[in-house]
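Residue numbers (the numbering used here), protein chains in the order written: chain F, 21 to 430; chain Y, 21 to 430; chain D, 84 to 223; chain V, 84 to 223. Read the structure below first, then the notes.
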Amino acid sequence: MSSYDVSAVRSVFPILKHEVHGKPFVYLDNAATSQKPEAVLDVSRHYYERLNSNIHRGTHYLAQEATLAHENARKLIARHLNASSVEEIIFTSGATDGINLISSILGYSGKIKPGDVIAISNLEHHSNTVPWQMLCERSGAELEVIPVTEEGTIDSTAFDHLLEKTSGRLKVLALTQISNAFGTILPLAPMIDSAHRAGALVVIDGAQAVPHLSVDMQDLDADFYVFSGHKVYAPTGIGVLYGKRALLEDLPPWRGGGEMIRKVSYEGTTFNDLPYKFEAGTPNIEGAIALAAALEFLNGLGLQNVSSHEDEMIRRAASALTSIRGVTLYGPSDRSGSLSFNIEGIHHYDLGTLVDKMGIAVRTGHHCCQPLMARFGVTGTLRASFGCFNNEDDVNRLAEAVEKGVEMLR
Amino acid sequence: MSSYDVSAVRSVFPILKHEVHGKPFVYLDNAATSQKPEAVLDVSRHYYERLNSNIHRGTHYLAQEATLAHENARKLIARHLNASSVEEIIFTSGATDGINLISSILGYSGKIKPGDVIAISNLEHHSNTVPWQMLCERSGAELEVIPVTEEGTIDSTAFDHLLEKTSGRLKVLALTQISNAFGTILPLAPMIDSAHRAGALVVIDGAQAVPHLSVDMQDLDADFYVFSGHKVYAPTGIGVLYGKRALLEDLPPWRGGGEMIRKVSYEGTTFNDLPYKFEAGTPNIEGAIALAAALEFLNGLGLQNVSSHEDEMIRRAASALTSIRGVTLYGPSDRSGSLSFNIEGIHHYDLGTLVDKMGIAVRTGHHCCQPLMARFGVTGTLRASFGCFNNEDDVNRLAEAVEKGVEMLR
Amino acid sequence: MTITERQEQLLKDLSLFQDWTERYEYVIGLGRKLTEMPQASKTEDRLIEGCQSQVWLEAYCEDGGVYYRADSDSQITKGMIALFIHFLDGESPENILTADFAFIEKTGLKEHLAPTRANALNLMALQMKQRALDFAGATD
Amino acid sequence: MTITERQEQLLKDLSLFQDWTERYEYVIGLGRKLTEMPQASKTEDRLIEGCQSQVWLEAYCEDGGVYYRADSDSQITKGMIALFIHFLDGESPENILTADFAFIEKTGLKEHLAPTRANALNLMALQMKQRALDFAGATD
Ligand SMILES: Cc1ncc(COP(=O)(O)O)c(C=O)c1O
Ligand SMILES: Cc1ncc(COP(=O)(O)O)c(C=O)c1O
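Right, dumping it as C-alpha cells:
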C-alpha cells in the first residue's frame, strides 16, 4: 500500500475533477465501465489528429502508419496476455461480441450436436448465458448450470457430479473468471483441467478479470478468452477475443466482408489468415490503439499494486457496511472488484437513488445476472465496484451515504 | 460554390495542419475513411471527461446523463435519415457488422430456403458480397449478380431479365447506393420498386452515400439500410442499421447478451423491444454520440453544399487527368465521391507509391471489389476520393503528381 | 379543495423544505401513510412493471368518485404514487381526465428522479387516467 | 567484386542522388535493364504473391554459381529485385546464404517503401536464399 500513490492516480482521471449534484464525485461503478485516464484520451485524440487512415489495404503514408500502430497494439495485447502468438488476438467490439463470435462459429462448424451439453455457472453475466442458450436452441444441445453455494462460490461437488453426468457429451464449458455481481474469483485452473479431460472446449469471460488480475493465456490454458476494453480504462466499442491458434484455424469465419478475405470471386471466396479471418470490415482502429495504451497505463501502475490496493479498499468497505443493521453482503470475503449488498426491508433501488443524491455512483439491480439473483431470492442488490483510483475517502463517503440513506428509509 | 467556404472547412480538421513526407498533406482517400473535424473530437473527449458511464441499467446521475446522450444521438440519427421511428435505428460497429446482422438473422429466421435467390450487383464491396455468399452456402440459396455496363453502371436490361428469370424465388436484393470503387450512383428507386413487386426484401449499403447525399428512409423505401460512422466524419467502431419496424420485430435477434434481453432465466429468456433487441452488450456509447455530432457537423455545412462542392472537385480532377496519355477513367461522368483510373502500361501500385511520396494520399488496389476489377480485367485502380474539405489545390497537386509519376515510370 | 388547489398547497409545503433530503423524506412519509393494499389485490393484471421497481394499482368507483389503491416494493415510488392519489382520490372521472400533471415539474422532485424513474411516473399517471376513463365510459 | 564490395558501391552511387525521385528513377532503371524472363517461365510455382504486385522468381545453377531470373508487374518492385540480383548473380550458394541484406536499410530506399512493400522485399530475399539452399543441398 505504501508504494501505491492513489492521489497521483486520481489526478490523471479528468472526470474525477468534476462534481455531481454539487458534491465531489465518488465513482464506485467500475465493474459497469471504467473511467479513462488522460493518457488514453490523449492517444485517441492523437490518433485522429495525426494518423487516422484506413488500414491494411493502403499504400500511402498514413495508411502505413495507422496499420503499424494498429498491429503494434495487437502485439502489446498479445504480450500482456502472454498469448503464444500475436495471431491469436482477434479484435472484437467487446466481450459480448467475442462470446457471440465463438458460440456462433461453434454453431456453424457443426461440432455441436443434439444431446451435447454446454455448461455455464450460475454466476454468469447474461452475455455469457444468452449466447449459449441461443446455441442450444439452434443445435439441440442442452444447457447445464453449475450451481453456486450460499457464499456465492462454485459448488465444486456439484460440478464434479455434472462432469460425471454429462460424460462424453460435454462440449463447451463457459465460465467467468470473476463474477461481476459478487466479486467471486472462480477456481479456473482445476475446472479447465477437468473440462479438458472431459473433452470439452473452455471459454473464459475475462471482462471483470483483466482490470484486476494479470492473466496468462499459456498458463491458464483456456481455449478462448474474451474481454472488453471499456472495463479496463479504454474506450467503448473495442474488445479482444483470444483463441488457441489451431482451434481458430479450424473454425469457420463469422462475419464476412472486407479484411477477412484473401480473394473474392463469385465462383468461390477464400479467407484470410489469422487474425484477419475473424475481423471483417474496418476495425475500431483507434479503439485498439487506445486499448493497448490503457493496458500500458495499467502496467505502469503495476497490476499487483493496483489489485492489492483495490482489495484493501473493498475489505474496508465490507467491514464498514457490516455494522449496518440488517445488511447482507454477497460473495466470499476474498472478493475482487465488486461488493454486492442488500439491507433488510429496503429496496436496493431506493437506497441507490439516495446514495446517488449524495454524489456516489453505485449500481443497483440485477447486474445482468438475473438467474443469480433468482438463486438468492432477490430482484437485485446494491453493488459498489472498485478501480485503481478509489481511495479511503470514497469508502468512507460510501459508508456514510448508505447509513444516511438507510435512516431515511427506515 | 460561392457560398461554400472550403478554407473555413479545412481549418476545422486538425490533421490537415500536418505535413507528410515534408509536404503539405493532400488527403484524397475519403472513401476509405474520413478525417475528423475538431467538433467531433471534442464531443468524444467531453463524453469521457464529463459523462462516461454505462447506460440503460444505472440509477446514478452519470448513468442517466450518458443514457440520455446516447438516446438523443439515436433520435438525431433517426431524424437525419427520416426514419418513421427512432426504434428503427440500431447501432452496430459498422456497415459490415450491419450487413452481417441482417444476413445472419435472415438465415436464422428460416425464411431463406434452398433454391431461393439472393441478388447483388457487380459493383458491391466485399462486405456486401461475402455475407450473402455465406448465407447462400448455409441456406442453399443461389447468388445472382446484376452485371454492369462498360461505363460501370447497372445493366438495367440484365436486371429486368434477372427479375424475370428468378420470378417467385428472389428473396433478397442487396445493393450499394454509391459504388466505392467507381463513384457510380445506382438507380435505387426503380430497382427497389421492382424488387418489392417481386416479393424480395431490399438491403441498401449506404456506406458511401451517407457522407455525400441526404438520404430519406421513408422516401427510399428500402427494408434495411446500413452505414459506417468512420466514413462520415465520425470515429471508427460505430455504425447504423436502419430496418423497417415490422420486419425487425418479426426477425430473431442475432447477438445475445446484456441489454438485448427483457428477462433471463434458465427456463426461457425473453428479448427486449426494439431497438435494444439487436444491441447486445455495452454499446459504443461514445461512438454513437460522436456519430450524431458528425452528422450535425455535416448538416451545419449543408449536405447540398458539400456535395455540389465535391462534385465540382471531382469533375475538375477527371478533366485534369483526361489529358494524360493512356488514361482510363472508370465509372460514369456523374460520379459521386470517388474517381478511379489507370494508366496504360503502369502498375497502379507503382504510381500510387510515387504519388504518395509527393504527399498525396490516394488508394491503389482492388478497393474490396475484386469481382468488379475482374469484370474490367484489371487487378486494381488508383482511386482519388473526395470529402468536404478538398479544394482546387488538392486537385492540382493530384494532377501534377500523377503526371510526374507517369513520367518517372515511362 | 379542487385538484389544482391541492397541487398549489403541495407546492407551498415543499417550498418550506431546505434541501432534497427533507423533500424525499416527506414523499417517503406520504407513502408510509398510504392505505394498505391487501396482498390478494396485488395481481398480475394490476402490476405496472417499472425499470427496477414494481407498482400495483387498483381503482374503484363510488358515488361518482374514483378511488385508488396502490403499493410498490420501492418506498420512493410508493411515496410518489401517494402524492398522485392525494390529488385524485374521490374526484370524478372527468376531473381526473382533465387534471394537469405538469405541476410535478414545479415540485423540484422530478429533477431528483432518475429519468427511468420519471418515465415510470409518467406511465403511472397515464394508468391512473386510463382507469378513470374506464369508469367514465361505464357511466356514460 | 565480392557481394559486400558491390553493396558498398551501390551505397556510394545512391549517395550521389539529391532526392528520393532520383533514387526511385535509378531503381526503376535497374529494373528496365533486367534480363527478360520468358513468358513461359512465369508459372504458378514461381510466383511470389505480394500485397498488390506479383513477382516471379526462378533460379538455376551453373558452374557452382547461382543465377536468377525475375519479373514483376510492378516496375518499382522489379527494380528492387534487380538490385538483389545484381548482388547475388553468379555467387556460390554458400555466399548467397551468408549474404547480409541488412545493408538495404542503409540505402534509404526502404524508408521510402510502404511496410507492406518492405515485407514483400524481405519475403523475396528469403526466397532467393531458399533457392540457393536448394542448390547447396543438391551439391552436398
Ligand atoms: C460501399 C461500401 N460498403 C461497405 C463498406 C464496409 O464498411 P466498413 O469497413 O466500415 O464496415 C465500405 C467501406 O469499406 C464501402 O465502401
Ligand atoms: C462478467 C461480464 N461478462 C460480460 C460482460 C459484457 O461486457 P460488454 O457489455 O462490454 O460486452 C460484462 C459487463 O457488462 C461482465 O461484467
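Note that the Cβ used here is the ideal one computed from N, Cα and C, for glycine as well.
Host alpha helix (DSSP H) of residue i (start-end)
i                         : result
isoleucine 334 of chain F : 323-342
asparagine 92 of chain Y  : 81-100
valine 60 of chain Y      : 58-66
tyrosine 369 of chain Y   : 368-377
leucine 429 of chain Y    : 412-429
alanine 142 of chain V    : Element bounds for alanine 142 of chain V: not the alpha helix (DSSP H) but the beta strand (DSSP E), 137-145.
Supposed contact pair residue j and residue i - C-beta distance, whole angstroms, cut 8 Å
i                        : j                        : result
leucine 166 of chain D   : glutamine 210 of chain D : Not a contact, Cβ separation roughly 15 Å.
leucine 261 of chain Y   : isoleucine 75 of chain Y : The pair is not a contact, with the Cβ atoms about 19 Å apart (cut-off 8 Å).
lysine 191 of chain F    : alanine 220 of chain F   : 6 Å
leucine 268 of chain Y   : glutamate 108 of chain Y : 7 Å
histidine 250 of chain Y : serine 54 of chain Y     : 7 Å
glycine 173 of chain D   : leucine 113 of chain D   : So it is not a contact: roughly 17 Å between Cβ atoms.
Residue i versus residue j: straight-line alpha-carbon distance, rounded
i                            : j                            : result
arginine 70 of chain F       : lysine 37 of chain Y         : 9 Å
arginine 99 of chain F       : glutamate 279 of chain F     : 23 Å
tyrosine 34 of chain D       : leucine 206 of chain F       : Past the edges of chain D, shown from 84 to 223, lies residue 34 of chain D, and the structure says nothing about it.
aspartate 223 of chain D     : glutamate 145 of chain D     : Per-residue confidence for aspartate 223 of chain D stands at a pLDDT of 47, beneath the threshold of 50, marking its modelled position as unreliable; the derived number appears in the next sentence. Looking at the two C-alpha atoms, the distance is approximately 15 Å.
methionine 21 of chain F     : histidine 329 of chain F     : Summary for methionine 21 of chain F: the model assigns pLDDT 44, below 50, so the residue's position carries little reliability; its value from the coordinates is reported in the next sentence. Approximately 6 Å between the Cα atoms of the pair.
glutamate 349 of chain F     : threonine 79 of chain Y      : Strictly speaking, residue 349 of chain F in this sequence is leucine, with glutamate absent from that position. C-alpha separation (whole angstroms): 20 Å.
leucine 359 of chain Y       : leucine 392 of chain Y       : 15 Å
tryptophan 274 of chain Y    : valine 150 of chain F        : 11 Å
phenylalanine 45 of chain F  : leucine 82 of chain Y        : 10 Å
glutamine 135 of chain D     : alanine 310 of chain Y       : 29 Å
lysine 116 of chain D        : leucine 93 of chain D        : 16 Å
valine 60 of chain F         : valine 29 of chain F         : 13 Å
glutamate 170 of chain Y     : proline 352 of chain Y       : 9 Å
lysine 189 of chain V        : phenylalanine 170 of chain V : 15 Å
histidine 386 of chain Y     : threonine 401 of chain Y     : 7 Å
aspartate 183 of chain V     : arginine 152 of chain V      : 20 Å
glutamate 316 of chain Y     : aspartate 331 of chain Y     : 21 Å
arginine 282 of chain Y      : proline 272 of chain F       : 31 Å
phenylalanine 406 of chain F : asparagine 416 of chain F    : 13 Å
Selected residue, minimal CA-CA separation from residue i, among the options
i                         : options                                : result
asparagine 102 of chain F : F:Gln55, F:Leu88, F:Ser234, F:Pro151   : F:Ser234
alanine 194 of chain F    : F:His181, F:Asp180, F:Glu164           : F:Glu164
asparagine 200 of chain F : F:Val415, F:Glu427, F:Ala404           : F:Ala404
glycine 365 of chain Y    : Y:Ser327, Y:Phe33, Y:Leu429, Y:Gly372  : Y:Leu429
lysine 43 of chain F      : F:Leu418, F:Glu423, F:Glu427           : F:Leu418
isoleucine 187 of chain D : D:Asn178, D:Asn205, D:Ile179, D:Leu180 : D:Asn205
glycine 288 of chain Y    : F:Ile174, F:Phe291, F:Pro210, F:Gln390 : F:Gln390
glycine 259 of chain F    : F:Met237, F:Pro272, F:Ala220, F:Ile97  : F:Ile97
tyrosine 369 of chain Y   : V:Glu127, V:Gly148, V:Ile159, V:Met120 : V:Ile159
aspartate 136 of chain F  : F:Leu315, F:Leu143, F:Gly127, F:Asn142 : F:Gly127
glycine 307 of chain F    : F:Pro134, F:Gly277, F:Val63            : F:Val63
alanine 161 of chain F    : F:Asp213, F:Asn411, F:Lys133, F:Lys185 : F:Lys133
alanine 66 of chain F     : Y:Tyr67, Y:Glu58, Y:Ser73, Y:Asn72     : A small correction: the amino acid at residue 66 of chain F is histidine; alanine does not occupy that position in the sequence shown. The option with the nearest alpha carbon to histidine 66 of chain F is Y:Glu58.
glutamate 427 of chain F  : D:Leu99, D:Gln122, D:Tyr150, D:Glu105  : D:Glu105
alanine 227 of chain Y    : Y:Ser113, Y:Tyr68, Y:Glu39, Y:Ser27    : Y:Ser113
tyrosine 286 of chain F   : Y:Ala139, Y:Ala215, Y:Glu184           : Y:Ala139
Cβ-heavy atom distance, residue i to ligand 4, below 7 Å
i                        : result
asparagine 74 of chain Y : Here the bound small molecules are ligand 1 and ligand 2; ligand 4 is not part of this structure.
Residue i: first and last residue of the uninterrupted beta strand (DSSP E) it sits in
i                            : result
alanine 153 of chain D       : 148-155
leucine 130 of chain D       : 130-132
phenylalanine 361 of chain Y : 358-363
Counting only runs that start and end within the region 86-110 of chain D, where is the beta strand (DSSP E) found for 3 or more residues in a row?
For the region 86-110 of chain D, not a single whole beta strand (DSSP E) run of length 3 or above is found.
Whole runs of the alpha helix (DSSP H) within the region 119-173 of chain F, excluding any shorter than 4 residues:
150-159
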